[in-house]
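From first to last, the protein sequence lines are chains X and S.
Residue numbering for the first sequence follows this note's numbering, beginning at 1 and increasing consecutively.
Residue numbering for the second sequence follows this note's numbering, beginning at 1 and increasing consecutively.
Number of protein chains: 2
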Amino acid sequence: MLKHFLKVSLSFLVFLGLSLGILGVTTTPAWAISSIEDVPFPKLEKPEQILGPAGEIFTFATCNRGSQGFTLADAQIPAGAGPMPHIHHHTNEWFWTPEGGLELFQSTQEYPDLEHPPTDDAAGRAKIYTVDTVPNQIVYGPKYRVHGFTNITNQTRPLMFIWLQDSISPEYPFHDGGIREYFQDVGIPIADINHLPAITDEAKEEFVTHAPQYGINQSDYFLKYVSQVDSHPPLILAKGSNDPDLMAILDTIQAFNQGDTSVSCF
Amino acid sequence: MLKHFLKVSLSFLVFLGLSLGILGVTTTPAWAISSIEDVPFPKLEKPEQILGPAGEIFTFATCNRGSQGFTLADAQIPAGAGPMPHIHHHTNEWFWTPEGGLELFQSTQEYPDLEHPPTDDAAGRAKIYTVDTVPNQIVYGPKYRVHGFTNITNQTRPLMFIWLQDSISPEYPFHDGGIREYFQDVGIPIADINHLPAITDEAKEEFVTHAPQYGINQSDYFLKYVSQVDSHPPLILAKGSNDPDLMAILDTIQAFNQGDTSVSCF
């Protein structure tokens, strides 16, 4: 049976209890979900695996239910790895850090114009705030914000991504805001997890150059979109959340895993 | 004849006039040299050229005069390129930016222990300050500080490095604090400037792993040594300098180029 222990405010308990049938809940003074003990992954026979440009191993699943579409990636992030700062225009994202060790960063400023990324000659560079994650932390990163992460430990660390198609997204084949299509385009397919393919310079370049086709501004060096880094995030970032959408996502995954035929995951 | 127009305070004029025979001087309210119109390069028949791990083309010269030893590199920095944050323990450094366009960064905090770099599990990460350079700017970066730079333009930009052997440096073959020896070890020799060699993964790795042999802590991702970035440097950085040593270096180069046999450059 699905286990996820959520640290939530009392105001969410009734909603959670009704919608998810969770086994245990840790209440804290926080007013939003900040920690989940287990994020369910859709039970697929052979989920697609793709190697990212920094050696990240992504295991993908995409789910559709009515107008809701989202992609998950259960990822292994090598020591020191992580994407350069970037912006999503068609998706909203959650990061779940089962073991912590990942430093997430995000701006509060929003950059809603795909044609004017936060460079000095366009919208101006961003101030980003870092969050050193703890085990089981979940962090929300909505569209339009400069964000990214780094594995600041000496070991490979897990990271679960959830990208939810935003209401303004153009249509992509998987109905997920184009994120899985992006990784299929620029990443390297993993046929055998025990024999990883080489990362090509072409893949690294396309990760940047093909990004706008999928509603993404992707920088290729750290300070391209960033002029300031602050390790003390304001409350809007430290406690930012989108719990209704997150709950609906977890509910859809659970429904699929329980055989609900109104959900398709692949 | 050597031309270098220095923006200096009045207090330096007599010293400069006597020691260098400069042609023209721009006085500004600054109290240290912040701008030089031309940094002389030792006239060598065929200076050594090395390709750096980010595609930088370095043209080297090393000079020795008495106990003074320094290495210069006249470099071409590709768009978006630059080293990850690092620390020199045996050298003090100047950066001269003939065309600007390079964003230099530096900490005020010093990390004098080669065995305890500024990581979270050792000395703690640094706050760095950025300086967007203008044409002909010269910036001083003494030993022990986290520093580096990025070419934030879309074109290749020139950058002249000067590394002066510090008094506490162990002896290296070129008497320059080990910096040219480091690039010879980890860089890729350029035999023909019109046919650049490929940058190998091995060179990129050794740039980091061999660094401590040359008194350098070299990080391999931006946030390894850095927790904060601020675009408003304090006066100690914005106006920091070491003009006596810089003047002595320029004097040595000029003497070599004028045939002074007490100087050796190679």
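Every residue, glycine too, gets a C-beta built ideally from N, C-alpha and C.
Within 8 Å (strictly less), CB to CB, does residue i reach chain X?
| i | result |
| --- | --- |
| T200(S) | no |
| N257(S) | no |
At a CB-CB cut-off below 8 Å, which residues of chain X make contact with residue i?
| i | result |
| --- | --- |
| S227(S) | T130, V229 and S231 |
Is the separation between the beta-carbon of residue i and that of residue j shorter than 8 Å?
| i | j | result |
| --- | --- | --- |
| F60(X) | F149(X) | no |
| G100(S) | T133(S) | yes |
| I128(S) | L102(S) | no |
| A126(S) | P83(S) | no |
| H147(X) | Q106(X) | yes |
| L237(X) | T97(X) | no |
| I138(S) | S219(S) | no |
| I318(X) | P189(X) | Given a span of 1 to 266 for chain X in the structure shown, any question on residue 318(X) remains unanswerable. |
What residues of chain S sit near residue i, judged by a beta carbon separation below 7 Å?
| i | result |
| --- | --- |
| F222(X) | F222 |
| E103(X) | L223 |
Between residue i and chain S, is the shortest Cβ-Cβ distance under 8 Å, so that the two count as touching?
| i | result |
| --- | --- |
| I152(X) | yes |
| E115(X) | no |
| G80(X) | yes |
What's the gap between the Cα of residue i and the Cα of residue j?
| i | j | result |
| --- | --- | --- |
| F266(X) | P170(X) | 20 Å |
| D38(S) | Q68(S) | 22 Å |
| T261(X) | T71(X) | 18 Å |
| P117(S) | I162(S) | 23 Å |
| P158(S) | G124(S) | 33 Å |
| A32(X) | S241(X) | 6 Å |
| R65(S) | K46(S) | 21 Å |
| P173(X) | S264(X) | 14 Å |
| G80(X) | Q254(S) | 44 Å |
| E206(S) | S231(S) | 31 Å |
| H86(X) | A122(X) | 15 Å |
| D113(X) | S227(X) | 19 Å |
| P142(X) | D243(S) | 49 Å |
| V229(S) | E48(S) | 35 Å |
| E93(X) | D192(X) | 28 Å |
| T62(X) | G178(X) | 11 Å |
| A198(S) | D120(S) | 34 Å |
| Y111(S) | N257(X) | 53 Å |
| K224(S) | N151(X) | 9 Å |
| H195(S) | T156(S) | 17 Å |
| G259(X) | D245(X) | 21 Å |
| D176(S) | T252(S) | 14 Å |
| V250(X) | H90(X) | According to the sequence provided, residue 250(X) is Leu. The question's Val does not apply to it. Going by the C-alpha atoms only, they are around 20 Å apart. |
| V186(X) | M247(S) | 51 Å |
| E115(S) | N154(X) | 17 Å |
| L235(S) | L235(X) | 31 Å |
Smallest Cα separation from residue i: which of the options?
| i | options | result |
| --- | --- | --- |
| G52(S) | E202(S), V146(S) and D113(S) | E202(S) |
| R145(X) | I33(X), N217(X), T62(X) and P47(X) | N217(X) |
| T209(S) | P112(S), I50(S), F183(S) and S107(S) | F183(S) |
| A75(S) | D251(S), F41(S) and H86(S) | F41(S) |
| H88(X) | F58(X), Q165(X), Q155(X) and P244(X) | Q165(X) |
| G215(S) | I168(S), G141(S) and K43(S) | I168(S) |
| L44(X) | A73(X), T91(X) and E181(X) | A73(X) |
| N136(S) | N151(S), L250(S) and M160(S) | M160(S) |
| L104(S) | D245(S), L196(S), H90(S) and Y140(S) | Y140(S) |
| Y221(X) | K204(X), P234(X), L235(X) and H175(X) | K204(X) |
| E181(S) | A211(S), P234(S), I249(S) and L235(S) | A211(S) |
If the cut is a Cβ gap below 8 Å, which residues of chain S does residue i touch?
| i | result |
| --- | --- |
| D120(X) | I152 |
Is residue i close to chain A, meaning its C-beta is less than 8 Å from at least one C-beta of that chain?
| i | result |
| --- | --- |
| H86(S) | Included in the structure are the protein chains X and S, with no chain A among them. |
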